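Each remark here refers to the structure printed beneath this line.
There are 2 protein chains.
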Amino acid sequence: MAFSERVSRLKSSLIREILAAAQRPQVMSFAGGLPAEAMLPKVEWARMPVSMGQYGMSEGEPALREALAQQARVLGVPCEASQVLVVSGSQQTLDLAAKLYIDKGTEVLLEAPTYLAALQIFQLFGADCLTVPLEADGPNLAQLRSRLETHRPAFIYLIPTFQNPSAVRYSEAKREAVAGLLDEFGVTLIEDEPYRELTFDGGSAKPIAGRLKKSSWIYTGTVSKTLLPGLRVGYLIASPDLFPHLLKLKQSADLHTNRVGQWQALQWIGSESYQQHLSELRGFYRVRRDAFQAALQTHFADLADWNVPQGGLFFWLTLKQPLDTRTLLDGALAHDVAFMPGEPFFPEPDNHHGHMRLNFSHIDPARLEEGIKRLAQVVRQVQAAQAA
Amino acid sequence: MAFSERVSRLKSSLIREILAAAQRPQVMSFAGGLPAEAMLPKVEWARMPVSMGQYGMSEGEPALREALAQQARVLGVPCEASQVLVVSGSQQTLDLAAKLYIDKGTEVLLEAPTYLAALQIFQLFGADCLTVPLEADGPNLAQLRSRLETHRPAFIYLIPTFQNPSAVRYSEAKREAVAGLLDEFGVTLIEDEPYRELTFDGGSAKPIAGRLKKSSWIYTGTVSKTLLPGLRVGYLIASPDLFPHLLKLKQSADLHTNRVGQWQALQWIGSESYQQHLSELRGFYRVRRDAFQAALQTHFADLADWNVPQGGLFFWLTLKQPLDTRTLLDGALAHDVAFMPGEPFFPEPDNHHGHMRLNFSHIDPARLEEGIKRLAQVVRQVQAAQAA
Chain R
1 MAFSERVSRL
11 KSSLIREILA
21 AAQRPQVMSF
31 AGGLPAEAML
41 PKVEWARMPV
51 SMGQYGMSEG
61 EPALREALAQ
71 QARVLGVPCE
81 ASQVLVVSGS
91 QQTLDLAAKL
101 YIDKGTEVLL
111 EAPTYLAALQ
121 IFQLFGADCL
131 TVPLEADGPN
141 LAQLRSRLET
151 HRPAFIYLIP
161 TFQNPSAVRY
171 SEAKREAVAG
181 LLDEFGVTLI
191 EDEPYRELTF
201 DGGSAKPIAG
211 RLKKSSWIYT
221 GTVSKTLLPG
231 LRVGYLIASP
241 DLFPHLLKLK
251 QSADLHTNRV
261 GQWQALQWIG
271 SESYQQHLSE
281 LRGFYRVRRD
291 AFQAALQTHF
301 ADLADWNVPQ
311 GGLFFWLTLK
321 QPLDTRTLLD
331 GALAHDVAFM
341 PGEPFFPEPD
351 NHHGHMRLNF
361 SHIDPARLEE
371 GIKRLAQVVR
381 QVQAAQAA
Chain Y
1 MAFSERVSRL
11 KSSLIREILA
21 AAQRPQVMSF
31 AGGLPAEAML
41 PKVEWARMPV
51 SMGQYGMSEG
61 EPALREALAQ
71 QARVLGVPCE
81 ASQVLVVSGS
91 QQTLDLAAKL
101 YIDKGTEVLL
111 EAPTYLAALQ
121 IFQLFGADCL
131 TVPLEADGPN
141 LAQLRSRLET
151 HRPAFIYLIP
161 TFQNPSAVRY
171 SEAKREAVAG
181 LLDEFGVTLI
191 EDEPYRELTF
201 DGGSAKPIAG
211 RLKKSSWIYT
221 GTVSKTLLPG
231 LRVGYLIASP
241 DLFPHLLKLK
251 QSADLHTNRV
261 GQWQALQWIG
271 SESYQQHLSE
281 LRGFYRVRRD
291 AFQAALQTHF
301 ADLADWNVPQ
311 GGLFFWLTLK
321 QPLDTRTLLD
331 GALAHDVAFM
341 PGEPFFPEPD
351 NHHGHMRLNF
361 SHIDPARLEE
371 GIKRLAQVVR
381 QVQAAQAA
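Note that the protein sequences, when read in sequence, are chains R and Y.
Per UniProt numbering, the very first residue in the first sequence carries number 1; after that it's consecutive.
Per UniProt numbering, the very first residue in the second sequence carries number 1; after that it's consecutive.
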């Protein structure tokens, strides 16, 4: 049996195992990134035209592309509908970008930590993943400059707004500085913003893609976090030099994104009912965030440090006494608690012990306190055992 | 700008240009492979559970996997639901298979001619595409054996039932012989059957995957030709040794297939109303096939040879006086007729002049005769010009 060389880099299924374990109904899961069931909007299908059942264009539905371009321009990303490609969830943007840029040994530049599934697909295609450390307000600029002076990455992949996993939102100053550095060194930007609309303090900063003067860029978003992930409708917007290649790669991947989901997304994007839904969603998650923060204060104040997330779906904890948090998993699951160890979010997991990603959007509030309490107990037990 | 090496193999957009030109309303198009609009069934959405809006499993909906496995067992492919992976249209099976098997220079074995988009994605990943010639009842067996004796292809890709583009359906004897050869040489089979249910003479032969005793296999199908292509719901069924890798590759490509389309497909697969719809569809396309055959007899009998397709969506013409049919395109489009030249369906187009693929399912019957007549005139004109 001869598989491709890349298959040897398919990662083991630690994450899949955690999420599978978290499916058991008795488990209190902080592991996934699921929207709350209660906040999935009721949608109507009765008016959908029969023609949505036919094959469609690889680019996506023209009216949806127009609406997405309009939305991006309002955010400060100058673009036309002709630059918009509808994709099968923004995960597909990463697949297309990997195909466009990555050969074995191609250097790419990522935040540390970064989105796990991005890391995995870039590594699958053979990328050499360089990193720049994230601070509370964005990347360390000195280290970013240093990386760019000494390497020629094919692209930099950034999640500047409520990052998964760290919840970091770049400051205005760092957005501007990063754009300047990318222009200075001529590095292509891939900017991933699934969480932008899940803001709890009302802040909305212009994307970095909209600040570039010269560099090529791909800006990607999705309706998965704000409407219905089951539709699998995301989008990318690309600088005109990249678009034709991405379009061909999209066509070869799956011809086009399902039109049923595209039609449904179009009913919402730019509408007043969407604005109202977003407002309710932010309020709902803000309450969950606050309850989670209270539970963490009670049980984790002596164990870990964290920033209160101003958006997104996650708390990112840094243990005061670092340990490999993967070693907490068995104990946590034995007590019916699931969480995501921080190590896999780094290209070199063993150099980054001591972080935990906790999702606050999906847990039943009635079980939140008990789950956090049990998780803290597991941390204490393992730390005590290691100290002994 | 440094793209990956594979991007240099992204094909030029001849086909895209033809299909774009065919969009003009005045064009009589034999170029695409679209189902007839009139035969898209009316579907109901009112009973879809809200939970279909949430993220789902990468494997696909459990009930749909069960239904697809059941359907495959009836066809003669022994399998369990655990071997079924729901994909975003069967095009995605080709993407996953390319990732699983193909490095630069990997040999794969294909029918000549073969499905254009398969050829393109295998070449995109760097495959060295070997071929075996198709005859009216399947591949030339002596040449297949010879290829297998002298090469070790990573897989063989076959469309044994109403192939796109040639409309060939393998005979019982050749199905059995091909399975025997693949077992003898230990070659993995990828069997693609989008057209199986579009049979006009009621024939239904057991898939080759169901005849294998030892070799690994991937069997792939779709609801695009029989239900609604806009759902983008296909599936693959794989031997257990391949499944875990394909699942991880699926997850990294787009997390999972849209659940809305999966739910709709499940309402049909295995149902009586689906059987009834298929029966109506076969009758409808049989009538179109017969009308097309009559028009071809009138206008092409002295120009080309062809077999009357017993299923699928295409006539495959072989000109009596071969010429590069790509040179017919400008003239045809100037007369508002679109068709698909045969050359791109071969890995070495310049060695295979003189074929044309004509779709009979989508053309308005009222314009069929005029379209065929104009196309024949273009062929005559170009042949006369070349003879002059």
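For every residue, glycine included, the Cβ atom is placed at its ideal position computed from N, Cα and C.
These numbers were taken from a predicted model, which means no experiment stands behind them.
For residue i, which of helix, strand or coil comes out of DSSP?
i	result
Y/Glu80	coil
Y/Ser29	strand
R/Leu231	helix
R/Leu266	helix
Y/Gly60	coil
Y/Ala238	strand
R/Tyr101	helix
R/Met340	strand
Y/Leu75	helix
R/Tyr274	helix
Y/Tyr285	helix
R/Phe185	helix
Y/Val108	strand
R/Met52	helix
Y/Phe345	helix
R/Val382	helix
R/Phe122	helix
R/Lys359	In the sequence as presented, Lys is not what sits at residue 359 of chain R; that position holds Asn. Note: R/Asn359 maps to strand in three-state DSSP.
R/Phe200	coil
Might you give, ordered along the chain, the residues of its own chain that have their beta carbon closer than 7 Å to the beta carbon of residue i, omitting 5 neighbours on each side?
i	result
Y/Leu181	Leu144, Arg145 and Leu148
Y/Leu375	Ala332, Val337 and Phe339
R/Gln26	Asp336
Y/Ile121	Leu94, Asp95 and Ala98
R/Asn359	Phe30, Ala31, Gly32, Gly33, Leu313 and Phe314
Y/Pro349	Glu343
Using a 10 Å radius around the Cβ and a threshold of 16 neighbouring Cβ atoms, would you call residue i buried or exposed?
i	result
Y/Ser271	exposed
R/Ser279	exposed
Y/Thr199	buried
Y/Ser265	Before going further, note that residue 265 of chain Y is Ala rather than Ser in the sequence given. The residue is buried, with at least 16 neighbouring Cβ atoms inside 10 Å.
R/Gln381	exposed
R/Pro215	A quick correction: the sequence has Ser, not Pro, at residue 215 of chain R. By the 10 Å Cβ count, R/Ser215 comes out buried.
Y/Pro78	exposed
R/Asn258	buried
R/Asp95	buried
R/Asn351	exposed
Y/Arg6	buried
R/Gly89	buried
R/Gln386	exposed
Y/Ser252	buried
Y/Ala388	exposed
R/Gly230	buried
Which same chain residues end up closer than 6 Å to residue i when comparing Cβ atoms and leaving out the 5 residues on each side of it in sequence?
i	result
R/Met340	Ala31 and Arg357
Y/Pro165	Pro113, Phe314, Trp316, Phe345 and Arg357
R/Asp305	Thr318
Y/Gly76	Lys206 and Gly210
Y/Leu281	Met39
When you compare only the Cα positions, how much space is there between residue i and residue j?
i	j	result
Y/Gly221	Y/Val84	11 Å
R/Leu303	R/Gly342	15 Å
R/Lys42	R/Gln276	13 Å
R/His355	R/Trp316	7 Å
R/Ser361	R/His299	19 Å
R/Val74	R/Ala98	28 Å
Y/Arg367	Y/Met28	7 Å
R/Arg65	Y/Glu172	48 Å
R/Gly203	R/Gly371	30 Å
R/Lys11	R/Ala384	31 Å
R/Pro244	R/Ile237	12 Å
R/Ala294	R/Trp263	40 Å
R/Gln71	R/Asp201	20 Å
Less than 8 Å between the CB atoms is what I'm expecting for residue i and residue j, so what's the real figure, rounded?
i	j	result
R/Glu111	R/Thr93	R/Glu111 to R/Thr93, Cβ: 16 Å. No contact.
Y/Gly311	Y/Thr161	7 Å
R/Leu378	R/Leu328	According to the sequence shown, residue 378 of chain R is Val rather than Leu. Between R/Leu328 and R/Val378 the Cβ distance is about 5 Å, and since that is below 8 Å, they are a contact.
Give every residue of the same chain whose Cβ lies closer than 8 Å to the Cβ of residue i, excluding the five residues on either side of it in the sequence, and list them in chain order.
i	result
R/His151	Glu107, Leu109 and Leu130
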